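Chains as they are written, first to last, in our numbering: chain A, 24 to 438; chain B, 934 to 1136.
For each residue, glycine too, the CB sits at the ideal point set by N, CA and C.
All of these numbers come straight from a predicted model, not from anything done at the bench.
Input: a single structure, listed below in structure tokens.
Here it is in structure tokens:
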């Protein structure tokens, strides 16, 4: 068989998979819309392969076959994500309110997929060609029916906002300047030690291509760290205290492992406390001490440690601006922000009576109320049959509250 | 004594009492008060639970089935969002759920029955599901199509009616229903009491 025949069979297998998945029960149309888009990508590739074969141009055939392989690698995880977005373990009630929030932030054409993923860390796909306007939010499968972790979707939405506002372009020069200034003022000796053949003059460091191998990765890591931090502040501003609860629930006490392009969890917690104070958001008791400060991993080389510490330092020098940036963008959208008063009212008027809330209170307020209520065990004493099932009962009440929020948006029947 | 709609409306107007009657989303209180009815109409929710026929030979509750095992093994959960349909074919049975979350105070109980307009089209909702004082949650509905024509069900449509009545006795006693605080229909566990066990033994 030829490479072209292999490619043809592979593409048929992908399309066959898509056709079968289209028979799935889709809880909301955006999953199917995404699948339709992926199908159109492979249909086009199939046509391109046919045309290339008809021309008999070997180079063209190889190019198309390569492209087919690349797209299979790119889209197979996306197809898996789409499939998992239909799993009945997911908290489907969240989709409507989360979509409304996404559209307020990113525009009316936004489509949202929320999925249960086999990756413990919530994540989003970076922009995918052909799937413009689609936002993918993956929550760990163990927590996919748990509304208490939904505030972390605010972090993932932050990534889409970061791309849409092209904040990389704004922040990268500032971070680069910080890296250069740090090298020049404090870390010159170390820099010379690790990069003896590279000029450490600020003008050279900023402009010369020859020094990019030295500081290029540092600036890239610092920019990724800035994005992660922005997303933390974005989630915090959007959801309030419950963001801190959800983050601590999922990640405390942290792990020794850390990638160079992520701020350490300790730093994230520290910066979130700073941001919370500036945003006038209450910090849960003991939040600062929930994660351990770990030194940089011992197996890293001294050079790697040096470069990472430069990236870490550049982030910290700009963290105030990033906190302000997240606040300014959210303010610009005019989105409803959480209020402690409303969350307290939800607890007192509704959750303590074991009923869902109503009154267009907003997704963030419901989730803040849920985190406030979770420790109120005495309420369940009136319901002995729920005594060992308080958490599940609360989840049900919270998810019903979220559904009622959506009902109120569609048909304001609740007085 | 069954409460008339205007009395139910009065209960609903006191959501901040210590032991309130709550129906959320609430019916329109003024419409309810003026209806002259003796019940409150309830709507169909978004979750359904059907039995996986291919996985079971029969339901034998005498074998002491494990609740979680039975739920996972023998039932299939479906979510039908607002705007989509659930087609119930003739002879089919499915568990549905009310859209409304109900909380009964200690001195009220209730029962749910279908709506006659649906019944005339073949749709039957249980026989009369009892709702005990202090129940809180959505009500599981046993829905069957006894007609000959498939029926299109849509979340949000009026599907059944709740009759409420005052009860005598201590208001502090709690309902021991396992169906409390649920937003999805559940199969639930069937308890075989000692008396039944003794009678089921062969001599």
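Query                                                                                                             : Result
Among 977(B), 961(B), 1095(B) and 956(B), the one whose alpha carbon lies nearest that of residue 1017(B)         : 977(B)
Range covered by the alpha helix (DSSP H) that runs through residue 1034(B)                                       : Per DSSP, residue 1034(B) belongs to no alpha helix (DSSP H); it is in the beta strand (DSSP E), 1026 to 1036.
Residues from the region 1048 to 1079 of chain B in contact with chain A, defined by Cβ distance under 8 Å        : 1067, 1069, 1070 and 1071
Cβ shell of residue 1037(B) (< 7 Å), same chain only, five flanking positions each side left out                  : 954, 1043, 1064, 1066, 1067 and 1068
Contact set between residue 317(A) and chain B, taken where Cβ atoms lie within less than 7 Å                     : By Cβ distance, chain B contributes nothing, its closest Cβ being about 39 Å from residue 317(A), past 7 Å.
Beta-carbon neighbours of residue 1010(B), restricted to chain A and to distances below 7 Å                       : 111
From 1057(B), 1051(B), 1074(B) and 1040(B), residue whose alpha carbon lies closest to that of residue 880(B)     : Past the edges of chain B, shown from 934 to 1136, lies residue 880(B), and the structure says nothing about it.
Cβ of residue 262(A) within 7 Å of any chain B Cβ                                                                 : no
The region 355 to 381 of chain A: positions lying closer than 7 Å to chain B by Cβ                                : 372, 376, 377, 378, 379 and 381
Whole-angstrom distance between residue 1015(B) and residue 438(A), CA atom to CA atom                            : Because the pLDDT at residue 438(A) is just 48, under 50, the model does not fix this residue reliably, and the value given afterwards should be weighed accordingly. Each residue's alpha carbon lies about 20 Å from the other.
Candidates 325(A), 285(A), 402(A) and 264(A): closest to residue 361(A) by CA position                            : 264(A)
C-alpha distance - residue 34(A) paired with residue 416(A), whole-angstrom precision                             : 47 Å
Partner residues on chain B for residue 427(A), Cβ-Cβ distance less than 7 Å                                      : 957 and 958
Which listed residue (253(A), 246(A) and 292(A)) has its alpha carbon closest to that of residue 267(A)           : 292(A)
Residues in the region 1013 to 1043 of chain B having any Cβ partner in chain A nearer than 7 Å                   : 1014, 1015, 1034 and 1036
Chain-ordered neighbours of residue 171(A) on chain B, where CB pairs are closer than 8 Å                         : Within chain B, no residue comes near residue 171(A); the closest Cβ sits about 15 Å away, beyond 8 Å.
Close Cβ partners of residue 394(A) (< 6 Å) along its chain, the five nearest in sequence each way excluded       : 265 and 268
Test: residue 55(A) CB closer than 7 Å to a CB of chain B                                                         : no
Bridge partners - residue 1070(B), DSSP secondary structure assignment                                            : 1035(B)
Which residues DSSP lists as bridging residue 984(B), in chain order                                              : 1008(B)
Residue-level contact to chain B via CB, residue 422(A), 7 Å cutoff                                               : yes
Below-7 Å beta-carbon distance, residue 50(A) vs any chain B residue                                              : yes
Burial state of residue 299(A), where buried means 16 or more other Cβ atoms lie within 10 Å                      : buried
Neighbour flag for residue 30(A) against chain B, beta carbons, 7 Å                                               : no
Residue 352(A) - containing alpha helix (DSSP H), residue span                                                    : 325 to 356
Proximal chain A residues relative to residue 949(B), where beta-carbon distance stays under 8 Å                  : 372
Beta strand (DSSP E) runs wholly inside the region 24 to 54 of chain A, at least 3 long, in chain order           : none
Reduced DSSP secondary structure (H/G/I, E/B, other) of residue 187(A)                                            : helix
Closer than 7 Å to chain B by CB, residue 416(A)                                                                  : yes
Residue 1096(B) and residue 959(B) closer than 7 Å at C-beta                                                      : no
Any alpha helix (DSSP H) of 4 or more consecutive residues that is wholly inside the region 108 to 175 of chain A : 118 to 129
Residue from 194(A), 116(A) and 149(A) with nearest C-alpha to residue 168(A)                                     : 116(A)
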